[in-house]
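Working notes, beginning with the structure itself.
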Amino acid sequence: MAWLGRIGVPFFAVVLALLASVPGAQASDRSAVEPIRNWYRLTLELVRHTPTYSPPVASRALAYLGISAFESLASGDPRLKTLAGQLNELDALPAREAGLHAEAVIVQAAMAEVIRDLFANTGPTGQRAIAAFERKLRAEATAGLAADVVDRSEAHGQAIAAHILAWSRTDGGAVIENMGFPATYQPRDVPDAWVPTSLVAQQQAPLLPGWGSNRTFAMPHGAACGIAPPPAYGEAPDSAFYREAAEVHRAVLDLTPEQRLIARFWADDPMLSPTPPGHWIAIALQALREEGADAARFAETLALIGIGMADAFIGCWDAKFKYDLVRPITYIRRVIDPAWEPILNTPPFPEYPSGHSTQSGAAATVLTGLFGDDHAFEDTTHVDDGLPVRSYGSFWDAAHEAGMSRLFGGIHFRSAIDRGLEQGRCIGAFVNALQTRR
Amino acid sequence: MRPVRFVSPLLAAVLLSAAMPARAEEAVAIPRFVEETASSGIDTVYEGEWEFMVGGGAAVFDCDGDRKADVLVAGGEGPAAFYRNASAVGGALRFERQQSGLEVSGVSGAYPLDIDGDGIQDVVLLRVGENLAMRGLGECRFERANEAWGFDGGDAWSTAFAALWERGWAFPTLAVGNYIDREQDAFPWGSCTDNWLHRPAGVVTRSFAPPLPLTPSYCALSILFTDWNRSGTPDLRVSNDREYYKGGQEQLWRVVPGQAPELYGPSDGWKPLRIWGMGIASHDLDLDGYPEYFLTSMADNKLQTLSDPGADGGPLPVFEDIAFSLGVTAHRPYIGETVKPSTAWHAQFEDVNNDGRADLFIGKGNVAKMPDFAADDPNNLLLQRADGTFLEAGDTAGIASTAIGRGGALADFNLDGRLDMLVVNRWSTAQVWRNAESGPGRWLQLELRQPGANRDAIGAWIEVRTGDRVQRREVTVGGGHASGQAGWRHVGLGEARSAEVRVLWPDGEAGDWQRLDADGFFIIERGRSAVAWSPG
């Protein structure tokens, strides 16, 4: 079936799977790549179609999903080093029982369990899709295996998932109400404060104001990569604040077709795309596929980038609500040009720093650590939505463009982009310090 | 006929109200609705699982000649059910279930339309499967006419319908909106199937050509032919569910007779809007001659008004969202303690308290069991104030059902001049409420007639003048959520004892102004004086 892509479990792969699961085996099972790839393919759609999945919430889920895949393999692959004890409050995961295990079955079972839980609130179509994927992937992963191997492997995958899900419930981000918007909110009555920018009633309060207090994964806490304040607020034309606003104002009025395309390409709107963290997961999946990565490399990469982006949103949100800065649309209409229109929808939360910049900086830092400084790639994330493929010389090229897209789109000032990318680099460094290999 | 000037008083009012410290609190007559489901005889449940998570409509029309609205309720997996209206004038709502030939399963929605112009309403059944064009035989009997009319019902998940007579043609043009490819249950995203335009096979031919795909299609849940710019040629407005499309948005097709439909785009001024589009209601709320459009969705709903008068060519298709300012976002239940957002489906503008201002009904209900959205999600009844803003009165008016609503209708089932309510529910019995308002509001109900194929004058505009106010209604078939109506067109008059009425017929000819006494039914036949009609 096309929806699963190329799935096949040749006999030799099954043999490898069994060998790989023997304690002391030296290789991970390549067939576990398929459940990882396919569950991620579905997850990116579930992120898009589950209404609570704003970018911060998506980043959290993607972190737990990647960690689940990684720990599933790490429990049997002597090359891999568990993240337990390295990630905040993650205790030792369940060990494997004696006997043969099949890696693909473990990974499949763990990821299915985690996705069912994290997306328990998705709609009826998503629920049907999860069930259909699980039926198919389970059948593929278990084909030809002895029943006791299947049972033992599934039990282990489910134990891994249960452990990670229990851990996830204490991080402060497990419960999302009203799609993340508080029922009431009173903006500060000062000119530099964020005020609602949308005519959507639900968005008269900012998204997830407490997200910066969530438990982080790799960095010590949400303020660990704090950033300098934005330019002092001012409305005088010679003030730094005015100059930054004037830059955004002019940029939108003078957009080139290429700049307009860049703004659209990185818009990554919730409900209309896999969101910014999903965009970077798509980039990572493509890099892994092109590399011909094995399952361990897939899981390691997806866990690390997931952790990096999740911490990036926590760090970014900590700063956003610390500085509580006005958006360009508010300032520019008030001070410069009442008729000015940005080309992107202004997100419903404070401006500084830019979330896409922080998380793109973190993602680029992590992927650069894994694939190198000059990893050129083509980004096909939005082809299905009619947007073109874009080419980049490195992950940082892409991150810089993602940051600038927010200025072209008229939703961020330059300082939010520059400081956001710096913040992301700082957060990514915590992730790169994690040890995934022995 | 285009209005002589373009102004946007509603937009101006919105801007003004935004600058005002507090919204003017004005007295609004809150109607009293009495639920009479249990005694009404209506007992149909819209049943089914995934393939019936959308749809759930009703057709409301007279098929036995007594000019009382009979009802067909979609049954989803179960058979549709037809009910003959047996209500006494001004009395309790009472319906009698009877065999009609419409009792087929798989029906998601239904729209009445006199396709063959014989004076008897036919019905188009939207289905998960083959759509059916059912010819009315009289006395509320119907037969399949797909083959006789060359109507290709296809095999899709059909969810939306609209119709009009393109100028000069003897048979109607039907538009069918289709949803996702139901075979793609594991990965349905991006699988929206084409909507169809069923045009006549020829100018004088009384059958349909093979359907024309309206590509691209983005999982339509409501479509409506409407003359949004008063050009005299209605276009096709399509509201799409962003849950399933890739690269999609709301759509407006330019539909010129004899030409292939074309999408309005950025070069026309059209701005992308991406919502969980589920229903369309239209009405000229600000009395400027141009309709406003209410688009239902999940969480916030949209109310659009034209904002660019354009140049000599008339207004551009540029719409501003004024839902927030006018108080019709209806994004959250207004009863109970939940802060979870709502899920909106059918929408309809009608004057339920006869104060001369159109009000807004919205059918609400969770898609299935989506925990992030309100489970107890009451239907809305938003009453328009004199300043153009709206007051939620669902609870005080007595219609705050938290059943899982879908389609429905506001119609005067007992011919007392007050609009009653029908709501089709998923997994529970459809409900009816009698409007027991006893306030002083007056009304008119009008039925249009013209010779030729388009007997019911679909595409006409009715103008009702009281003092210096002119209310306008476009006569359309389509919109809402899977639910259509034919029959009386109701207009509230407030305290006016009479009103001047004229019809702008579909070909643009303006009828004469006629003064009609309030609180009466009138049949307006083209070229003739209006004739009063009395029920009973």
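Quick note, the sequences are listed as chains V and W, same order. For the first sequence, the working numbering gives the first residue as 1, with consecutive numbering after it. For the second sequence, the working numbering gives the first residue as 439, with consecutive numbering after it. Glycine is no exception: its CB is placed at the ideal position from the N, C-alpha and C atoms. Quick caveat, the model's predicted, so the values are computed rather than measured.
- Message: Could you compute how far the alpha carbon of Gly-222(V) sits from the alpha carbon of Ile-332(V)?
- Response: For the purposes of this step, residue 222(V) is taken as residue 222 along the first sequence, with counting starting at 1. For the purposes of this step, residue 332(V) is taken as residue 332 along the first sequence, with counting starting at 1. Gly-222(V) and Ile-332(V) have their C-alpha atoms spaced approximately 30 Å apart.
- Quick one: using the 10 Å Cβ neighbour count with 16 as the cut-off for buried, is Gln-186(V) buried or exposed? Taking the first residue of the first sequence as position 1, residue 186(V) is located at position 186. When all chains shown are included, Gln-186(V) counts as exposed.
- Query: Based on Cα-Cα distance, which residue from Gly-696(W), Asp-706(W) and Pro-695(W) lies nearest to Gln-689(W)?
  - Reply: Within the second sequence, numbered from 1, the residue matching residue 689(W) stands at position 251. Cα-wise, what sits closest to Gln-689(W) is Asp-706(W).
- Message: Is Gly-24(V) close to chain W? Criterion is C-beta to C-beta, closer than 8 Å.
- Response: Mapped onto the first sequence, residue 24(V) falls at position 24. In this prediction, Gly-24(V) scores a pLDDT of 32, lower than 50, which makes its location untrustworthy; the coordinate-derived value is nonetheless stated afterwards. Chain W contact via Cβ: absent.
- DSSP-derived helix/strand/coil call for Ala-956(W): On the second sequence, position 518 is the one that residue 956(W) refers to. Ala-956(W) falls in the coil class under three-state DSSP.
- Query: Which same chain residues, not among the five before or five after Asn-214(V), have their C-beta less than 6 Å away from its C-beta?
  - Reply: In the first sequence, counting from the first residue as 1, residue 214(V) sits at position 214. Here Asn-214(V) has Asp-171, Gly-172, Gly-173 and Ile-314 as same chain residues with Cβ atoms under 6 Å from its own Cβ, once five neighbours each way along the sequence are excluded.
- If you draw a straight line from the C-alpha of Ala-460(W) to the C-alpha of Pro-350(V), how long is it? Locating residue 460(W) in the second sequence gives position 22, counting from the first residue. Locating residue 350(V) in the first sequence gives position 350, counting from the first residue. Reliability fails at Ala-460(W), whose pLDDT of 39 lies under 50, so the model's placement of it is uncertain and the value that follows must be treated cautiously. Going from the Cα of Ala-460(W) to the Cα of Pro-350(V) covers about 26 Å.
- Start and end of the beta strand (DSSP E) containing Phe-799(W)? The residue given as residue 799(W) occupies position 361 in the second sequence. Run containing Phe-799(W): 797-802, per the beta strand (DSSP E) assignment.
- Between which two residues does the beta strand (DSSP E) containing Arg-927(W) stretch? What you label residue 927(W) is simply residue 489 of the second sequence in a count that begins at 1. 927-932 is the extent of the beta strand (DSSP E) around Arg-927(W).
- Reducing DSSP to helix, strand and coil, say where Cys-578(W) ends up. As a first step, residue 578(W) is located in the second sequence; it is residue number 140 there, counting from the start. Of the three classes helix, strand and coil, the one that applies to Cys-578(W) here is coil, per DSSP.
- Taking the alpha-carbon positions, what's the Ile-800(W) to Thr-142(V) distance? Position 362 of the second sequence, counted from the start, is the residue given in the question as residue 800(W). Position 142 of the first sequence, counted from the start, is the residue given in the question as residue 142(V). Distance between the alpha carbons of Ile-800(W) and Thr-142(V): 49 Å.
- Message: My output table needs one value for Ile-896(W): the three-state DSSP class, helix, strand or coil.
- Response: Numbered from its first residue, the second sequence carries residue 896(W) at position 458. Ile-896(W): coil per DSSP, three-state reduction.
- Message: Report the start-end ranges of each beta strand (DSSP E) in the region 522-607 of chain W that is 3 residues or longer and not cut off at the edges.
- Response: 533-535, 543-551, 560-567, 570-576, 579-582 and 594-602
- Task: Can you give me the Cβ contacts of Gly-670(W) inside the same chain, cut-off strictly under 6 Å, excluding the 5 residues immediately before and after it?
- Result: As a first step, residue 670(W) must be located in the second sequence, where it is residue number 232. Excluding residues within five positions, the ones whose Cβ falls inside 6 Å are Gly-946.
- Message: Using beta carbons (cut-off 8 Å, strictly below), is Tyr-737(W) in contact with chain V?
- Response: Counting from one through the second sequence, the residue named residue 737(W) turns up at place 299. The residue you asked about is not Tyr; residue 737(W) is Ala in the sequence shown. The beta carbon of Ala-737(W) falls within 8 Å of a beta carbon belonging to chain V, placing the residue at that interface.
- Query: How long is the line joining the alpha carbons of Pro-277(V) and Cys-657(W), rounded to whole angstroms?
  - Reply: Here residue 277(V) refers to the residue found at position 277 of the first sequence. Here residue 657(W) refers to the residue found at position 219 of the second sequence. Answer to the nearest angstrom: the Cα atoms are 27 Å apart.
- C-alpha gap between Pro-878(W) and Ala-131(V), whole angstroms: Walking along the second sequence from the start, residue 878(W) turns up at place 440. Walking along the first sequence from the start, residue 131(V) turns up at place 131. If I take the Cα positions, the gap works out to 57 Å.
- Item | Any 3 or more C-beta pairs closer than 8 Å across the region 65-74 of chain V and the region 292-306 of chain V | Enough Cβ pairs lie closer than 8 Å, so yes.
- chain W contacts made by the region 31-59 of chain V, where a contact means CB separation under 9 Å: Arg-41, Leu-42, Glu-45, Arg-48, His-49, Thr-50, Pro-51 and Thr-52
- Could you work out which residues of chain W lie near Arg-128(V), taking near to mean beta carbons separated by less than 7 Å? Taking the first sequence and counting its residues from 1, the one referred to as residue 128(V) is at position 128. Near Arg-128(V) (Cβ distances below 7 Å), the residues of chain W are Trp-488 and Asp-623.
- Message: Going by DSSP in three states, Pro-459(W) sits in which element: helix, strand or coil?
- Response: The sequence position of residue 459(W) within the second sequence is 21, counting from 1. Its pLDDT being 35, under 50, Pro-459(W) is placed unreliably by the model, and the measurement read from it follows with that caveat. Pro-459(W): coil per DSSP, three-state reduction.
- Alpha carbon of Arg-260(V) to alpha carbon of Lys-709(W), nearest angstrom: The count along the first sequence starts at 1 and reaches residue 260(V) at position 260. The count along the second sequence starts at 1 and reaches residue 709(W) at position 271. Approximately 15 Å between the Cα atoms of the pair.
- Query: Since Pro-809(W) meets chain V, which of its residues come closer than 7 Å, beta carbon to beta carbon?
  - Reply: The count along the second sequence starts at 1 and reaches residue 809(W) at position 371. Residues of chain V passing the Cβ test: Asn-121.
- Message: Going by DSSP in three states, Gln-786(W) sits in which element: helix, strand or coil?
- Response: Counting from one through the second sequence, the residue named residue 786(W) turns up at place 348. Residue state, collapsed to three classes: strand.
- Validate contact between the region 403-421 of chain V and the region 280-291 of chain V using beta carbons, cut 8 Å, 3 pairs: Because the criterion of three Cβ pairs below 8 Å is not met, the region 403-421 of chain V and the region 280-291 of chain V do not touch.
- Query: Quick one: is Ala-183(V) near chain W, going by C-beta distance under 8 Å?
  - Reply: Translated into the one-based positions of the first sequence, residue 183(V) becomes position 183. With 8 Å as the cut-off, Ala-183(V) counts as an interface residue toward chain W.
- Message: Checking the sheet assignment: what are the DSSP bridge partners for Val-965(W)?
- Response: Position 527 of the second sequence, counted from the first residue, corresponds to residue 965(W). The sequence shown places Gly at residue 965(W), rather than the Val named in the question. According to DSSP, Gly-965(W) bridges with nothing at all.
- Query: Using a beta-carbon distance below 8 Å, is Asp-254(V) in contact with chain W?
  - Reply: Here residue 254(V) refers to the residue found at position 254 of the first sequence. Chain W contact via Cβ: absent.
- Verify whether the separation of the beta carbon atoms of Gln-923(W) and Ala-849(W) is less than 8 Å. Here residue 923(W) refers to the residue found at position 485 of the second sequence. Here residue 849(W) refers to the residue found at position 411 of the second sequence. A Cβ-Cβ contact shorter than 8 Å links Gln-923(W) with Ala-849(W).
- Alpha carbon of Pro-35(V) to alpha carbon of Pro-51(V), nearest angstrom: Against the first sequence, residue 35(V) aligns to sequence position 35. Against the first sequence, residue 51(V) aligns to sequence position 51. For Pro-35(V) and Pro-51(V), the distance between alpha carbons rounds to 25 Å.
- If we ignore side chains and look at the alpha-carbon of each, how far apart do Asp-397(V) and Arg-620(W) end up? Locating residue 397(V) in the first sequence gives position 397, counting from the first residue. Locating residue 620(W) in the second sequence gives position 182, counting from the first residue. The alpha-carbon atoms of Asp-397(V) and Arg-620(W) are separated by roughly 41 Å.
- Is it right to say Glu-463(W) is buried, meaning 16 or more other beta carbons lie within 10 angstroms of its own, or is it exposed? For the purposes of this step, residue 463(W) is taken as the residue at position 25 of the second sequence. Interpretation of Glu-463(W) is limited by its pLDDT of 47, a score under 50 that renders its predicted location unreliable; no figure is taken from the coordinates.
- Message: Using a Cβ-Cβ cutoff of less than 8 Å, which residues in the same chain neighbour Ile-500(V) once the five nearest sequence positions on both sides are dropped?
- Response: Absent from the model: residue 500(V). The displayed extent of chain V is 1 to 438, so no value can be given.
- Query: alpha helix (DSSP H) containing Met-111(V): first to last residue?
  - Reply: As a first step, residue 111(V) is located in the first sequence; it is residue number 111 there, counting from the start. Residues 103-118.
- Closer than 9 Å by beta-carbon distance: list the chain A residues that pair up with Asp-815(W), in chain order. No chain A is part of this structure, whose protein chains are labelled V and W.
- Near the ligand PLP: Asp-858(W) beta-carbon under 7 Å from a heavy atom: By its list of ligands, the structure shown contains no ligand whatsoever, and the ligand PLP lies outside what it can speak to.
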